[in-house]
Structures are given as C-alpha cells and as structure tokens.
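As structure tokens, this is what we get:
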C-alpha cells in the first residue's frame, strides 16, 4: 500500500476552571450529548460543522469521529463552499503571447465544485488521550484552525467546558534534546522552508561582581539596540510573532542585533515560562527543525519540539487523503512511544 510521511504534532491540554476534566473526556462528553429526538452528536454530522466566515464560505467539518475507549479519534475537513478550483485542460490552442511569440498551450479554467459536493482545502487527523493531543495536518490546515475547532467543539456545546472555562494547547520541549533545565537554553535555531532560518539567543547578564556602573550612555545604547532589533525580528517572524517575542521578555531583558537575534539580560522565572510560550509559537509557524543550545554550548541533534515523523497509508497512490484506520493506529503508537520513552506521562 502506498504511504507518505507526515509530522505528528503534540499538544498538552491545560485547562482553567474546567473541573479537572481532561480533553479526551470533554470530547467524549460533548459527542455523547443527545438532542430532543435522542440522537447523540456522534449521529449528527450536520451539527459538527463549524462556520469560519460570516458568509459561510469556509467551514471545518468534524467528519469521521470514533470512540476508541482509551481515546477519541477524529478527522477534521477544511471545506471551501464557494471557491473555485483551477484546472489544466487537455484541449490545446495557439495564442499570441507577445509581438514575437506565438505558442501552443493547454487551456486553463476554473470550476465550481459539482452539485452536492464541496472542495476540500485541508485535513487534520487528531487523537485525544487524557490531556494529550496528537494530530497530523495536510494542505491548508493549520494549528491555529485546529485549536479554534477545539474551542468551538468543547465550549459551544453542552457537556463541554463551562462558560468561564478556558484552555491552552501547549507544545512541549523534547526532554531528550535538552541538556539541562529550560532556563539553561541559550538559543533556539530554526531551520525550515516555511520561515527563514534564524536564531534566538538568550544570554545571562554578567555576574554581580563584574557589573560596571550603568550610565546614561549604556541605557541609551540599550534602547537603540532594541529599536534596531525590532524590524529585523518582524522580517523574520512577522508582526504577530514579534509581539509574542517582545511580550516574552523579562523586566531585565532586551533585544539586540549582532548577526542573530539575541535576548540579553537576567532570565527570570516568568521569562522562562514565556520562553516556553515562544517555543509554542515556533511550533505553530514552522514544521522545520527547532534546535536548542544549552549552557554547555552543545546544540541538540534533533528537533527540540516534541513531535515526530511517521509514515501513513494512503488509500491509493497520489491521494491527498490518509487512511483513517491507519492514522488511528499510528497516532496511538506515537502516544505509547512517548510514554515509554518518558517524554510524557500517561
């Protein structure tokens, strides 16, 4: 059977005001909820459609979804109800492309979806085990869309989170790639095709005995360094991610530019937590390798973000879909492997 490799992403469900309910139990409870006619949400696919736009052009559909007893597993379809699909027709024609060029070309066309169907723009397959979420995404599906889908699923339906409840889906560092505590991380190196390769350094302030008395000039230099760093960071990460980075800085940290992006100053417990949030953002914006360098200067061998690459069966060669049952088996295998290797707790 043909297969294709995809990244299995991991998120840890962290809830507030959720009465200790785990993600798996929330999903199961919501799907068990019956309407006045006695039909559960498992049996009502039209009620598992989330509208993303005011005009209903884009939708997320929780299509196949199964209770595996030890987990809940589902597929989410990103649907385009009003878009067009470009086609290359086999019909040929000769066209004048310039005053010097006549060329034979295939004709291009755009079509709406056939009656009774809609275009798929992306897919996600997810597995909820306790407070652990594993997912695979294809084409136009994004982590943000999937996060919003869970927000809709467990907060907009009975038996889900209380109105005051909230949650985050937190990516985690792979402990096997860290040489010490998260506070020992000195830089994050990102290599991937979705964003330019760059480095975020975290450097401790000098020890107290070696600190030189601050002057107005040093404070002014620090301000200039920060202002010069911001446009470069924005070019790398974009405005939204730059805001996240700036928000992650501790009271004694600032950005400088020196052939890399650096976070200098004394690292606090708060900024350690925010560094984890920054890693969460990096996990969302790129599937590229995120490496970390610790106090010892050693760079991690593999991806520091907890995720892995796995093969998945395709229904047929060239398919954009994955085999539902095989994805279920593979995601459960990743869960078992992470628990066995001590990367997560069962």
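In my numbering, the protein residues as written are 54 to 399. Think of the CB as a built atom: it goes at the ideal place given N, C-alpha and C, for glycine as much as any other residue. Quick caveat, the model's predicted, so the values are computed rather than measured.
| Item | Value |
| --- | --- |
| What residue range does the beta strand (DSSP E) around residue 160 cover? | 155-164 |
| Around the Cβ of residue 104, are there at least 16 other Cβ atoms within 10 angstroms (buried) or fewer (exposed)? | exposed |
| Measuring CA to CA, which of 143, 165, 377 is closest to residue 159? | 143 |
| Can you tell me the Cα-Cα spacing of residue 102 and residue 147, whole angstroms? | 45 Å |
| What is the rounded straight-line gap between the Cα of residue 117 and the Cα of residue 149? | 49 Å |
| From the DSSP secondary-structure annotation, give me the bridge partner or partners of residue 145. | 159 |
| Give the DSSP bridge partners of residue 114, in chain order. | 102, 130 |
| Verify the contact flag: residue 116, CB atom, against every heavy atom of the ligand ZN, threshold strictly below 8 Å. | Judged by which ligands are present, the structure shown has none, so any question about the ligand ZN falls away. |
| Please list the terminal residues of the continuous alpha helix (DSSP H) segment that includes residue 295. | 292-300 |
| Are the CB atoms of residue 172 and residue 62 nearer to each other than 9 Å? | no |
| Using the three-state DSSP reduction, which class does residue 384 fall into: helix, strand or coil? | helix |
| So what does residue 182 bridge to, in DSSP terms? | 185 |
| Three Cβ pairs or more, each shorter than 8 Å: is that satisfied between the segment 83-101 and the segment 223-230? | no |
| Does residue 206 come out as helix, strand or coil in the three-state DSSP assignment? | helix |
| Going by DSSP, what residues sit across from residue 230 in a beta bridge? | DSSP lists no partner for residue 230. |
| On the criterion of 16 or more Cβ atoms from any shown chain inside 10 Å, does residue 357 qualify as buried, or is it exposed? | buried |
| If the criterion is Cβ atoms closer than 9 Å, does the pair residue 212 and residue 86 meet it? | yes |
| Please report the Cβ distance between residue 224 and residue 182, rounded to the nearest whole angstrom; I am assuming they are in contact, meaning their Cβ atoms lie under 8 Å. | The Cβ separation is near 16 Å, so there is no contact. |
| Kindly indicate the opening and closing residues of the beta strand (DSSP E) around residue 81. | Taken as a continuous stretch (DSSP letters only), residue 81 belongs to no beta strand (DSSP E), being part of the alpha helix (DSSP H) at 76-85. |
| Round the Cβ separation of residue 175 and residue 194 to the nearest angstrom and send it over; I've been treating them as touching at under 8 Å. | 3 Å |
| Quick check: what's the CA-CA separation for residue 261 versus residue 129? | Only weak support exists for where residue 261 lies, its pLDDT of 45 falling under 50; the value from the coordinates is given anyway. If I take the Cα positions, the gap works out to 54 Å. |
| For residue 184 and residue 220, I'd like the C-alpha separation in whole angstroms. | 11 Å |
| For the putative contact between residue 157 and residue 140, defined by C-beta atoms under 8 Å, what is the C-beta separation to the nearest angstrom? | No, residue 157 and residue 140 are not in contact; Cβ-Cβ is about 18 Å, not under 8 Å. |
| To the nearest angstrom, how far is it from the Cα of residue 56 to the Cα of residue 68? | 36 Å |
| Less than 6 Å between C-beta atoms, sequence neighbours within five positions excluded: which residues of the same chain meet that for residue 125? | 77, 80, 81, 181 |
| When the Cα of residue 166 is compared with those of 110, 374, 215, which residue comes out closest? | 110 |
| Which term fits residue 138, buried or exposed, when burial requires 16 or more other beta carbons within 10 angstroms of its beta carbon? | exposed |
| Among the candidates 168, 161, 135, 203, whose CA atom is the shortest distance from the CA of residue 65? | 203 |
| With a threshold of 7 Å on Cβ separation, who are the neighbours of residue 207 within its own chain once the five nearest residues in sequence on each side are excluded? | 79, 80, 83, 213, 214 |
| For residue 92, which residues from the same chain have a beta carbon less than 7 Å from its beta carbon, with the 5 sequence-adjacent residues on both sides left out? | none |
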